[in-house]
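Going by the numbering used here, the sequence shown opens with residue 22, and the numbers climb by one from there. Every residue gets a Cβ at the ideal spot worked out from N, C-alpha and C, and that includes glycine.
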Amino acid sequence: PAAFIDRLRVAIDLSTIFAGLIKAPFMALIIGIIASVEGMKVGGSAESLGLHVTASVVKSIFIVIILDGLFAMFYAAIGF
(Lines of atoms letter the chains of each structure in order from A; the text may use other names.)
(Lines give C-alpha, C1' and ligand atoms only; values in the text may rest on other atoms or scores of the structure.)
Protein backbone atom coordinates (compact mmCIF):
# COMPACT_ATOMS: atom_id res chain seq x y z
CA PRO A 22 0.00 0.00 0.00
CA ALA A 23 2.79 2.46 0.76
CA ALA A 24 4.33 2.03 -2.69
CA PHE A 25 0.95 2.63 -4.31
CA ILE A 26 0.39 5.84 -2.34
CA ASP A 27 3.88 7.10 -3.18
CA ARG A 28 3.42 6.47 -6.90
CA LEU A 29 -0.08 7.96 -6.80
CA ARG A 30 1.28 11.21 -5.36
CA VAL A 31 3.79 11.42 -8.20
CA ALA A 32 1.27 10.58 -10.93
CA ILE A 33 -1.73 12.67 -9.85
CA ASP A 34 -1.78 16.33 -8.85
CA LEU A 35 -4.00 17.54 -6.05
CA SER A 36 -5.82 19.76 -8.56
CA THR A 37 -6.94 16.64 -10.44
CA ILE A 38 -8.57 15.29 -7.31
CA PHE A 39 -10.24 18.63 -6.61
CA ALA A 40 -11.52 18.80 -10.19
CA GLY A 41 -13.20 15.43 -9.74
CA LEU A 42 -14.64 16.39 -6.38
CA ILE A 43 -16.12 19.56 -7.87
CA LYS A 44 -17.71 17.70 -10.81
CA ALA A 45 -19.19 14.84 -8.79
CA PRO A 46 -22.11 16.67 -7.12
CA PHE A 47 -23.24 18.19 -10.42
CA MET A 48 -23.22 14.82 -12.13
CA ALA A 49 -25.01 13.19 -9.20
CA LEU A 50 -27.70 15.87 -9.33
CA ILE A 51 -28.24 15.39 -13.06
CA ILE A 52 -28.43 11.60 -12.69
CA GLY A 53 -30.91 11.95 -9.85
CA ILE A 54 -33.12 14.34 -11.80
CA ILE A 55 -33.13 12.14 -14.89
CA ALA A 56 -33.87 9.02 -12.84
CA SER A 57 -36.69 10.78 -10.99
CA VAL A 58 -38.31 12.07 -14.16
CA GLU A 59 -38.13 8.66 -15.82
CA GLY A 60 -39.35 6.97 -12.65
CA MET A 61 -42.45 9.16 -12.61
CA LYS A 62 -43.30 7.94 -16.13
CA VAL A 63 -43.39 4.24 -15.16
CA GLY A 64 -46.76 2.60 -15.72
CA GLY A 65 -48.21 -0.42 -13.98
CA SER A 66 -46.24 -3.13 -15.76
CA ALA A 67 -42.80 -4.66 -15.49
CA GLU A 68 -42.23 -3.87 -19.16
CA SER A 69 -42.80 -0.18 -18.50
CA LEU A 70 -40.36 -0.30 -15.61
CA GLY A 71 -37.68 -1.95 -17.75
CA LEU A 72 -38.13 0.54 -20.57
CA HIS A 73 -37.91 3.56 -18.30
CA VAL A 74 -34.92 2.22 -16.35
CA THR A 75 -33.12 1.66 -19.65
CA ALA A 76 -34.07 5.15 -20.85
CA SER A 77 -32.86 6.61 -17.56
CA VAL A 78 -29.48 4.91 -17.81
CA VAL A 79 -28.95 5.85 -21.47
CA LYS A 80 -29.95 9.48 -20.92
CA SER A 81 -27.80 9.72 -17.78
CA ILE A 82 -24.71 8.35 -19.51
CA PHE A 83 -25.20 10.71 -22.45
CA ILE A 84 -25.67 13.78 -20.25
CA VAL A 85 -22.73 12.86 -17.99
CA ILE A 86 -20.46 12.61 -21.05
CA ILE A 87 -21.67 16.02 -22.27
CA LEU A 88 -21.31 17.54 -18.79
CA ASP A 89 -17.80 16.11 -18.43
CA GLY A 90 -16.83 17.73 -21.72
CA LEU A 91 -18.25 21.06 -20.58
CA PHE A 92 -16.31 20.84 -17.32
CA ALA A 93 -13.15 20.01 -19.27
CA MET A 94 -13.62 23.09 -21.45
CA PHE A 95 -14.33 25.24 -18.40
CA TYR A 96 -11.27 23.94 -16.54
CA ALA A 97 -9.11 24.53 -19.62
CA ALA A 98 -10.45 28.07 -19.99
CA ILE A 99 -9.62 29.00 -16.40
CA GLY A 100 -6.32 27.11 -16.39
CA PHE A 101 -7.31 24.70 -13.64
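The beta carbon of D89 sits closer than 8 angstroms to those of K44, M48, all from its chain and outside the five residues before and after it, given in chain order. Non-local C-beta neighbours of I84 in its own chain, meaning closer than 7 angstroms and more than five positions away in sequence, comprise I51, I55, ordered along the chain. Inclusion of S69 and V78 in the CB contact set at 8 angstroms is not warranted, their separation being larger than that value. DSSP places G100 outside both helix and strand once states are collapsed to three, so it counts as coil. Comparing C-alpha distances from F92 to each of F39, K80, A23 shows the shortest one belongs to F39.
Counted as a single uninterrupted DSSP element, the alpha helix (DSSP H) harbouring D27 occupies residues 23-32.
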